[in-house]
Ligand code: B12
């Protein structure tokens, strides 16, 4: 438990090397990667957010903490992955246009991957056109849209409108998430589901994929 608190502290301070080393230490001590994410990384980002809100931290502080988080997640990734004989589903993901926040998205995607999903991550600031292109090319089961900056929430709706215009709306299940996203907002823009956090997101992704497979079987598209 001591190492996980030290990890939280290193991320808050933006001590990149120490955060990476402590992540490895937590793993060696037998802590589960999901536990390290929830109790170490997420708690650290909450503290960083609070400090930014109260002007104790400025953008450079937040950036180094974000970098420490990225490296810590990178260290955890191999431990979180499980080899699955059959893919649970295929997903195209990205942070919507205008938004560069990706820590939450990356955590969610790591959890999904660990649950057997194949992920095509388009990254940050993804335009509706790029999402449409990827859905057309990859034919995923799910489209995952992330947004953290309220100013860019409309980009989620723009993406769904673009999918509709391209005739792809019914062909992929749309799951949205990110701190400002609510169930009401998700419904209002025509998304299929909303995930409150990474774990809820995985649950919803599984439900949507099962629904989609059942729909395809019913329509005779699959045996
Ligand atoms: C780190 C950070 C940054 C970093 C981002 C680094 C990175 N690589 O992501 C940097 C420094 C780049 C940054 C920039 C900016 N930021 Co900023 N940032 C933050 C901060 C401190 C933490 C965000 C974070 O990572 N949280 C932790 C993650 C784990 O949480 P999460 O994203 O919500 O994800 C969880 C769930 O939502 C869910 N989830 C996420 N996505 C998805 C998707 C799906 C499909 C599902 C199912 C689930 C899901 O799973 C995750 C795990 O449970 C927040 C403060 C805060 N309290 O959140 C401000 C904050 C989000 N930023 C803010 C602002 C204003 C900005 C800037 C505009 C600042 C500026 N003046 O330039 C720019 C935005 C630029 C842009 N165009 O996007 C504001 C946003 C306010 C608002 N109105 O929306 C906040 C709230 C700070 C504040 N209190 O003012 N930021």
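In my numbering, the protein residues as written are 37 to 259.
Note that CB positions come from ideal geometry on N, CA and C, so glycine has one too.
- Pairing residue 153 with residue 127 gives a Cβ-Cβ distance under 8 Å.
- Assignment of beta-bridge partners to residue 155 by DSSP yields 127.
- The beta carbon of residue 134 sits closer than 8 Å to those of 161, 185, 187, 188, 191, all from its chain and outside the five residues before and after it, given in chain order.
- A Cβ-Cβ separation of about 6 Å places residue 97 in contact with residue 50 under the 8 Å criterion.
- Distance from the C-beta of residue 108 to the nearest heavy atom of the ligand B12 is not below 7 Å.
- Here the alpha carbons of residue 40 and residue 78 stand approximately 11 Å from one another.
- Going by beta carbons, residue 221 and residue 195 fall outside the 8 Å limit.
- When rounded, the separation of the alpha-carbon atoms in residue 227 and residue 212 is 7 Å.
- Within its own chain, the residues whose Cβ lies closer than 6 Å to the Cβ of residue 237, once the five positions on either side in sequence are excluded, are 144, 213, 231, listed in chain order.
- The beta carbon of residue 164 lies closer than 6 Å to those of 194, 195, 198 in the same chain, with the five residues before and after it left out.
- Between the beta-carbon of residue 43 and that of residue 55 there is about 6 Å, and that keeps the pair under the 8 Å contact cut.
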